[in-house]
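Going by this note's numbering, the first residue of the sequence shown is number 4, and it counts up by one from there.
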Amino acid sequence: MSSIRQKIIEYFPMLSMAGLILLVQIIALLLATPMEINEMQAFEDPTDVSNSIYYIGLILGFTLVVLLAIKKEMTWLIKLFIYIAVLSTLYYVFYALLTLLPMSSGTITLVSCLLSAGLTVILCKYPEWYVIDVIGVCIAAGVSALIGISLSVIPIIVLLLLLAVYDAISVYKTKHMVTMAEGIMDLKLPILFVIPKHRAYSFRKESFGEGEEREAFFMGLGDAVMPTLLVVSAYIFLNHTDIFSYPVLGAMLGTLGGYFALSLLVMKGNPQAGLPFLNTGVILGFLAGALLSGTPIF
């Protein structure tokens, strides 16, 4: 009995993270249609593959700014950028959701502003792990929906493949992604999911000193966002009438498959780049679902 309980305790964080990824994908799917109706797309031509290159450029630019800010000890700049991104993303999420209710546009705007501002203030004043996780789910789902409705399937697949290669290089070769993660962990920002190892855990009191044992499991929001882009895109651009079509379900199951393969390696104590596993999983799952349904993707 004790061995069973030990196994449950050991695998609980891994299963919890999987649950958060699944929750992000479901919420993103629910946000996709109202965001599309309200014309929140980021790009005019969703089929243009060059949009993927543009998005990669934005990621590289952001990474460079963060690394420079860490080197110059300008953490306030990182905080300012992240809080602005949180505030604006939450606004889009609440606005899209509230349009489903019988409310005037002025009321929707006001309520969205109040909710997004209120949650951002709570995050600033009390960045506990459950606050981080709740806001992280909202942000990840919102970003996934916004980009997912802006890029069709082929540009998304190109983007995911490029990001998988970039993530592998940045973690295994240049290691600048590890440096960036270590440099901003202490800022207690909603850029990751946190699953405590014990009930008394406090993210606000967590120390991220080198060599110290972690009291919680962590996963970057990007590991949930990137595969979800294809889930949303498959729904919007291939079969808009069925939210859980074969391509969508295949993409979701493929994400979980890639995640569990990644987790088994991480649990052995070796840091791993997440996107090569997650992006490969979601692409293969999507292609399997499209093949089963006979859905053309070109």
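Beta carbons: idealized from backbone N, C-alpha and C, even for Gly.
No experiment lies behind these values; they were computed from the predicted model shown.
Do the CB positions of Thr66 and Leu190 come within less than 7 Å of each other? no
Tell me whether the segment 252-272 and the segment 45-62 touch, counting them as touching only if at least three CB pairs, one residue from each stretch, are closer than 8 Å. no
Where does Gly121 fall in DSSP's three states? helix
Alpha helix (DSSP H) containing Val1: first to last residue? The question about residue 1 has no answer, for the chain in this structure spans 4 to 301.
Is the beta carbon of Ala171 less than 7 Å from the beta carbon of Pro299? no
Quick check: the Cα distance between Phe84 and Ser107, rounded to an integer number of angstroms? 31 Å
Could you tell me whether the Cβ atoms of Pro16 and Phe196 are closer together than 7 Å? no
The alpha helix (DSSP H) that contains Phe97, what's its start and end? 78-101
Could you give the C-beta distance for Leu34 and Ala148, rounded to a whole number, given that I count them as a contact under 8 Å? 4 Å
Given a cut-off of 7 Å, decide if Ile286 and Ile1 are closer than it, judged by their beta-carbon atoms. No statement about residue 1 is possible, as the shown extent of the chain runs from 4 to 301 and does not include it.
Pairwise C-alpha distance: Gly261 and Ala254: 10 Å
Could you spell out where the alpha helix (DSSP H) holding Gly139 opens and where it closes? 132-151
Separation of Gly297 from Leu32, as counted between CA atoms: 22 Å
Does DSSP classify Met180 as helix, strand or coil? helix
Residue of Met20, Leu18, Gln28, Val96 minimising C-alpha distance to Leu252: Gln28
Please report the residue range of the alpha helix (DSSP H) in which Gly223 lies. Unbroken run through Gly223 is the beta strand (DSSP E), 219-223; no alpha helix (DSSP H).
Span separating the alpha-carbon of Ala276 from that of Ser248: 29 Å
Nearest to Ser19 by alpha carbon, out of Tyr98, Thr110, Tyr133? Tyr133
Mapping the DSSP letters down to three states, classify Leu165 as helix, strand or coil. helix
Just the Cα atoms here: how many angstroms apart are Lys128 and Leu122? 10 Å
Return the residue from the list Met183, Phe289, Val137, Ala293 that minimises the CA-CA distance to Lys75. Met183
For Ile239, which residues of its own chain have a beta-carbon under 6 Å away from its beta-carbon, when the five flanking residues on both sides are left out? Ala35, Ile152
Do Thr92 and Ile142 have their C-beta atoms closer together than 7 Å? yes
Beta-carbon separation of Ser115 and Tyr86 under 7 Å? no
Alpha-carbon spacing of Leu63 relative to Leu224, whole angstroms: 17 Å
Beta-carbon within less than 7 Å of Pro193's beta-carbon, same chain only, minus the 5 sequence neighbours each way: which residues are those? Val89, Leu126, Ile135, Ile138, Gly139, Ile142
Which residue's Cα is closest to the Cα of Met188: Gly257, Val235, Thr283, Lys82? Lys82
For Met20, which three-state DSSP category applies? helix
Pairwise C-alpha distance: Leu26 and Met180: 26 Å
DSSP three-state call for Ser236: helix, strand or coil? helix
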